[in-house]
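A.B. asks: Below are the structure tokens for one structure; questions will follow.
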Amino acid sequence: MELIDGKAISQAIKDELKDKVSELKAKGIEGSLAVIQVGNDPASSVYVKNKKKACEYIGIGSVSYELPEDTTEEKLLGIIKELNADTSVIGILVQLPLPAGLSEDRVLNAIDPSKDVDGFHPVNVGKLVIGEDTFVSCTPAGVIELLKRSGVSIQGKHAVVIGRSNIVGKPMALLMLRENATVTVCHSKTADLKAIAKEADILIVAMGKPKFIDADYIKPGAVVIDVGIHRDSENKLCGDVDFDSVAPLASKITPVPGGVGPMTIAMLMANCVKSLLKR
Ligand code: GUN
């Protein structure tokens, strides 16, 4: 079994991006990422802080909007409209989840697709579906980078994705298809999940259930990617995969923490640089 080191791979990506940003800066191309957080969900605050830190590391600006929990949709949409028009802003990110009462759909739809570095706008999702170059949701894009940079060949393999969220499962399946995998998508209503998971050459788990996937779900030699993040009964971080049970069977596996997690922000930075290049 080989560990897939997301921390090292994300660091390598950020270092590549840092070089690229300084090249662009020398040509006078620069801009900032706008990060909007509504309310003060503690997990969101950590993510937002890390996103701003990553901007600083690669050398792009960040402007942040920390808005109160009771912000109206009108006010939020007004800020997005201003940021859409601001040529110094190359990316707009609204941290999810939004407080109850704000429509995620209306808010995400308001972001200019050419600044949608999260890849959540329906125009960008549609482009992904038909295989056009676009901003892709950061976590699934990070999984593809992890696989490629760990020497996993995807073409012709049976990839099983467990989870069908708009942010991870669905774009993950589309990206694996784009890489010429044969893709099966499973979800909470799937009959005989075990049998299907056991057929996977590459198993990508994004179901949101702590330590749910044990050795019974694994074909010996499979590559196992764990997108989950939770706290277990001892308050330690864990994923959707029961690592101790699965690791002996897997050929390669991502740990939690230090697997997929750090890749999300690295790919957000990659999307920001992609946006800079288009300016
Ligand atoms: N909340 C959980 N994941 C994400 C993400 O990738 N982007 C944003 N904006 N919010 C999130």
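Sequential numbering of the sequence shown, starting at -4, is according to our numbering.
Ideal Cβ placement from N, Cα and C applies to all residues, glycine included.
1. Apart from the five residues on each side of it in sequence, which residues of its chain come closer than 6 Å, Cβ to Cβ, to GLU61?
2. Do you know offhand how far ARG101's Cα is from VAL131's?
3. According to DSSP, VAL58 sits in a beta bridge with which residue or residues?
4. Report the rounded CA-to-CA distance for ASP235 versus ALA201, giving the unit in angstroms.
5. For VAL138, tell me which candidate among ASN45, SER59, GLY164 has the shortest Cα-Cα distance.
6. Does any heavy atom of the ligand GUN sit closer than 7 Å to the C-beta of THR259?
7. Who are the near neighbours of ASN302 in its chain, counting only those whose CB is closer than 6 Å to its CB and skipping five residues on each side?
8. Do you know how far the Cα of PRO63 is from the Cα of VAL43?
9. Quick check on DSSP: helix, strand or coil for ASP235?
10. State yes or no: is the C-beta of CYS133 nearer than 7 Å to some heavy atom of the ligand GUN?
11. Just checking, does the region 22 to 36 make contact with the region 49 to 58 on the three C-beta pairs under 8 Å criterion?
12. How should GLU(-3) be labelled, buried or exposed, when 16 other C-beta atoms within 10 angstroms of its C-beta is the threshold for buried?
13. Going by DSSP in three states, LEU93 sits in which element: helix, strand or coil?
14. Going by C-alpha to C-alpha distance, which of ILE24, ILE(-1), GLY253, VAL218 sits closest to VAL268?
15. Contact defined as beta carbons within less than 8 Å: I believe VAL156 pairs with VAL218. What is the distance between those atoms, to the nearest angstrom?
16. In chain order, which alpha helix (DSSP H) runs of at least 4 residues are fully inside the region 151 to 195?
17. Under 7 Å: does the beta carbon of LEU91 sit that close to some heavy atom of the ligand GUN?
18. Let me know the beta strand (DSSP E) ranges lying completely inside the region 73 to 134, each 3 residues or longer, listed in chain order.
C.D. replies: Here's the rundown:
1. Reading the sequence shown from its first residue, position 66 is the one you call residue 61. Around GLU61: GLN32.
2. Within the sequence shown, the letter at position 106 stands for residue 101. Within the sequence shown, the letter at position 136 stands for residue 131. Their Cα atoms are separated by approximately 19 Å.
3. Position 63 of the sequence shown, counted from the start, is the residue given in the question as residue 58. Bridge partners of VAL58: ALA29.
4. As a working mapping, residue 235 is identified with position 240 in the sequence shown. As a working mapping, residue 201 is identified with position 206 in the sequence shown. When rounded, the distance between both Cα atoms is 7 Å.
5. Here residue 138 refers to the residue found at position 143 when the sequence shown is read from its first residue. When each option's Cα is compared against that of VAL138, the closest is GLY164.
6. Here residue 259 refers to the residue found at position 264 when the sequence shown is read from its first residue. Under cutoff, so the answer is yes.
7. Outside the displayed span of the chain (-4 to 274) sits residue 302, for which this structure offers no information.
8. Position 48 of the sequence shown, counted from the start, is the residue given in the question as residue 43. Position 68 of the sequence shown, counted from the start, is the residue given in the question as residue 63. Spanning the two alpha carbons is a distance of roughly 15 Å.
9. In the sequence shown, residue 235 corresponds to position 240, counting from 1. Here ASP235 sits in coil by DSSP.
10. For the purposes of this step, residue 133 is identified with residue 138 of the sequence shown, where counting begins at 1. True, at least one ligand heavy atom lies under 7 Å from that Cβ.
11. yes
12. Along the sequence shown, read from residue 1 onward, the residue named residue -3 stands at position 2. GLU(-3) comes out exposed.
13. As a working note, residue 93 is residue 98 in the sequence shown. It is coil, neither helix nor strand.
14. For the purposes of this step, residue 268 is taken as residue 273 along the sequence shown, with counting starting at 1. Out of ILE24, ILE(-1), GLY253, VAL218, ILE24 has the C-alpha closest to the C-alpha of VAL268.
15. Working through the sequence shown from its first residue, we reach residue 156 at position 161. Working through the sequence shown from its first residue, we reach residue 218 at position 223. With a Cβ gap of about 13 Å, VAL156 and VAL218 do not count as contacting.
16. 164 to 173, 188 to 192
17. Counting from one through the sequence shown, the residue named residue 91 turns up at place 96. Yes.
18. 84 to 89
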